[in-house]
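Per this note's numbering, residue 5 is the first one in the sequence shown, and the count goes up by one each step. Working notes, beginning with the structure itself.
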Amino acid sequence: MAKTIQAIRGMNDCAPTESPLWQWVEEKVRRVLASYGYAEVRMPIVESTPLFARAIGEITDVVSKEMYTFWDNDEQLTLRPEGTAGCVRAAIEHGWSYNNEQRLWYMGPMFRHERPQKGRYRQFHQAGVEVFGIANAEIDAELIILTARLWKELGIEQDVTLQLNSIGSLEARKNYRSELVKFLEQHRDLLSEEEKERLLKNPLRILDSKNPELQKVLDGAPKLLDYLDDDSREHFAQLCALLDGFGIPYEINPKLVRGLDYYNKTVFEWVTSALGAQGTVCGGGRYDGLVEQLGGHATPGVGFAMGLERLVLLVQEVNKNIDLPNAVDVYVVHQGEGAALFALQVAEQLRSELPQLRTMMHCSGGNFKKQFKRADKSAATLALVIGESEVQNRQVVVKHLQGITEQQTVDLTALTDFVQQQF
Ligand code: HAM
5 MAKTIQAIRG
15 MNDCAPTESP
25 LWQWVEEKVR
35 RVLASYGYAE
45 VRMPIVESTP
55 LFARAIGEIT
65 DVVSKEMYTF
75 WDNDEQLTLR
85 PEGTAGCVRA
95 AIEHGWSYNN
105 EQRLWYMGPM
115 FRHERPQKGR
125 YRQFHQAGVE
135 VFGIANAEID
145 AELIILTARL
155 WKELGIEQDV
165 TLQLNSIGSL
175 EARKNYRSEL
185 VKFLEQHRDL
195 LSEEEKERLL
205 KNPLRILDSK
215 NPELQKVLDG
225 APKLLDYLDD
235 DSREHFAQLC
245 ALLDGFGIPY
255 EINPKLVRGL
265 DYYNKTVFEW
275 VTSALGAQGT
285 VCGGGRYDGL
295 VEQLGGHATP
305 GVGFAMGLER
315 LVLLVQEVNK
325 NIDLPNAVDV
335 YVVHQGEGAA
345 LFALQVAEQL
355 RSELPQLRTM
365 MHCSGGNFKK
375 QFKRADKSAA
385 TLALVIGESE
395 VQNRQVVVKH
405 LQGITEQQTV
415 DLTALTDFVQ
425 QQF
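Structure below.
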């Protein structure tokens with residue numbers, strides 16, 4: 005036998021047994037977003053590399069270590085590691101956000117060359133939202149309320165908690181940064197080689213170090229919230245007041261800085277403890293400077309993205325009440341002269357008149373015994389049985405596969421109504 009070829013590490017297939025749950029989750033996401041009036045956008049999976057370097061930041065892990073980059077003749081291209089950069093690029097290019105408010109969403113694959121483990125993959129899927137043109141905290145609150153509604157819809161609301169912070173303006177972060185570096189210099193011995201390098205380039209990222217000893221020390225570090233500019237402080241107070249008024253619990257996490265450089269003011273993450281190390285199911289925040297930084301007119305922006313693999317895993321873990329549709333409701337079997345054609349016609353009639361049902365026709369021959377085995381395996385509720393006499397009389401035998409109800413012979417003209425009554 006020829007040697008088989010395997011999927012790329014960290015890039016998964018979605019099996020036919022898994023896709024119904026994925027579709028269920030995706031449909032909930034679509035419905036919730038539609039109910040807030042958000043519009044879908046679709047961007048290319050590949051963008052020019054400098055877009056990500058400029059938007060996400062050269063010294064972030066994503067850009068410096070995790071991008072799938074290649075040359076296309078003399079142009080350097082990258083498989084998108086996230087959706088915000090491409091969405092902002094598209095908004096500028098097509099004028100979507102110019103003097104305009106936009107509430108947009110997208111869903112699709114993203115690529116990061118990370119070390120794969122449960123909940124962390126090299127090709128993964130995000131559903132993301134980007135809102136342009138709205139500066140005040142009401143929209144930040146709306147985004148959080150929207151995600152909270154989605155968690156309810158998915159049945160995971162008991163298993164996620166909201167972490168919130170404000171990282172202020174660039175100026176405020178600069179002031180904070182030098183204080184933080186002074187503090188960290190006193191604890192240099194606790195820093196790993198990578199963290200020592202971060203101390204020079206991106207010290208705020210040390211705040212989410214995985215080293216428990218360092219984390220304990222960091223509890224005593226200067227807090228970014230104490231260095232906020234007045235505008236950011238007020239914005240954050242407004243957001244907190246709206247969430248309090250609405251009754252959404254949150255934890256202010258002064259160490260939450262996020263791994264992408266474009267944020268200012270609000271940052272947030274929804275986290276779970278049910279998935280092990282990869283517990284962030286959704287992350288986002290405000291990025292008021294990004295549109296201008298990428299060459300557009302100054303336009304405030306805010307958004308988030310959730311990891312669909314993590315949501316699907318969490319739903320599987322905690323929501324045992326999902327009623328996923330069967331792949332097949334009605335299975336049509338047939339044998340004898342003229343039966344195949346009649347069966348095709350019967351199946352088409354049902355698909356036209358009862359499109360909500362899933363009707364599958366047996367196509368691979370064999371006697372009734374073999375065909376019924378297939379019908380049982382499909383887990384259909386009904387089998388429609390067509391033999392030569394049914395063809396002659398334009399009738400169908402309807403047999404319940406899941407119960408003990410007697411089978412019945414039904415005229416073709418009455419079949420649609422009869423089948424409908426069985427569901
Ligand atoms: P992010 O935090 O990098 O933010 O990713 C958002 C979510 O994507 C994470 O919380 C996680 O659920 C999921 N995710 C990230 N990397 C992986 C991976 N390797 N495997 C599986 N899931 C993963 C962003 O991407 C921003 N663009 C979000 C945003 C939109 N901010 C403003 N607008």
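Don't be surprised by glycine CBs; every beta carbon is placed ideally from N, CA and C. Treat the numbers as computed from the prediction; the structure is a model and nothing was measured.
Cα-Cα separation, residue i to residue j
| i | j | result |
| --- | --- | --- |
| Tyr-102 | Val-306 | 15 angstroms |
| Asp-428 | Ile-148 | Residue 428 cannot be examined here, being either before or after the span of the chain that is shown, 5 to 427. |
| Glu-357 | Gly-263 | 52 angstroms |
| Asn-104 | Gln-349 | 52 angstroms |
| Asn-323 | His-191 | 44 angstroms |
| Lys-214 | Ser-196 | 11 angstroms |
| Ala-331 | Phe-372 | 21 angstroms |
| Arg-91 | Glu-134 | Per the sequence shown, the amino acid found at residue 91 is Cys instead of Arg. Their backbone Cα atoms lie some 8 angstroms apart in a straight line. |
| Pro-113 | His-129 | 4 angstroms |
Proximity to residue i [Cα-Cα], best of the options
| i | options | result |
| --- | --- | --- |
| Lys-269 | Glu-175, Phe-346, Ala-331 and Leu-166 | Glu-175 |
| Gly-87 | Tyr-72, Pro-48 and Glu-105 | Pro-48 |
| Tyr-72 | Asn-397, Thr-53, Phe-372 and Val-92 | Thr-53 |
| Thr-151 | His-404, Arg-35, Arg-202 and Pro-24 | Arg-35 |
| Gln-424 | Arg-378, Val-334 and Ala-379 | Val-334 |
| Thr-385 | Ala-281, Lys-403 and Gly-287 | Lys-403 |
| Met-310 | Thr-303, Gln-339, Phe-272 and Ala-331 | Phe-272 |
| Gln-396 | Thr-363, Ile-408, Gln-426 and Ala-344 | Ala-344 |
| Ala-383 | Gln-320, Gly-407, Gly-41 and Met-114 | Gly-407 |
| Thr-363 | Glu-410, Phe-427 and Val-414 | Phe-427 |
| Leu-419 | Val-45, Tyr-180, Glu-392 and Ala-387 | Ala-387 |
Cut-off 7 angstroms between Cβ atoms - residues of its own chain near residue i, not counting five sequence neighbours on either side
| i | result |
| --- | --- |
| Ser-236 | Ser-170, Gly-172, Ser-173, Ala-176 and Lys-269 |
| Tyr-267 | Ile-171, Gly-289, Arg-290 and Tyr-291 |
| Val-316 | Leu-25, Trp-26 and Val-29 |
| Leu-318 | Ile-160, Asp-163, Thr-276, Ala-278, Leu-279 and Val-285 |
| Ala-347 | Val-336, His-338, Met-365 and Ile-390 |
Buried versus exposed call for residue i [16 or more other C-beta atoms within 10 Å across all chains shown]
| i | result |
| --- | --- |
| Cys-18 | exposed |
| Leu-354 | buried |
| Thr-1 | Any question about residue 1 goes unanswered here, given that the chain covers just 5 to 427. |
| Asp-327 | exposed |
| Gly-342 | exposed |
| Gln-10 | exposed |
| Glu-79 | exposed |
| Glu-51 | buried |
| His-98 | exposed |
| Asp-2 | Outside the shown range of the chain (5 to 427) lies residue 2, about which nothing can therefore be said. |
Residue i: CB within 7 angstroms of a non-hydrogen atom of the ligand HAM
| i | result |
| --- | --- |
| Phe-430 | Lying before the first or after the last residue shown, residue 430 is absent from the chain, which here runs from 5 to 427. |
| Met-71 | no |
| Ala-309 | yes |
| Phe-74 | no |
| Phe-250 | no |
| Arg-116 | yes |
| Cys-286 | yes |
| Phe-128 | yes |
| Arg-124 | yes |
| Leu-361 | no |
| Gly-137 | no |
| Arg-119 | no |
| Arg-107 | no |
| Glu-313 | yes |
| Tyr-291 | yes |
| Gly-280 | no |
| Gly-342 | no |
| Thr-88 | yes |
| Gly-132 | yes |
Other residues of its chain near residue i: CB distance less than 8 angstroms, five sequence neighbours each side excluded
| i | result |
| --- | --- |
| Ala-43 | Gln-106, Arg-107, Leu-108 and Trp-109 |
| Glu-183 | Pro-226 and Tyr-231 |
Residue i beta carbon near the ligand PLP (any heavy atom closer than 7 angstroms)
| i | result |
| --- | --- |
| Gly-263 | Within the structure as shown, the ligand PLP is missing, the only ligands being the ligand HAM. |
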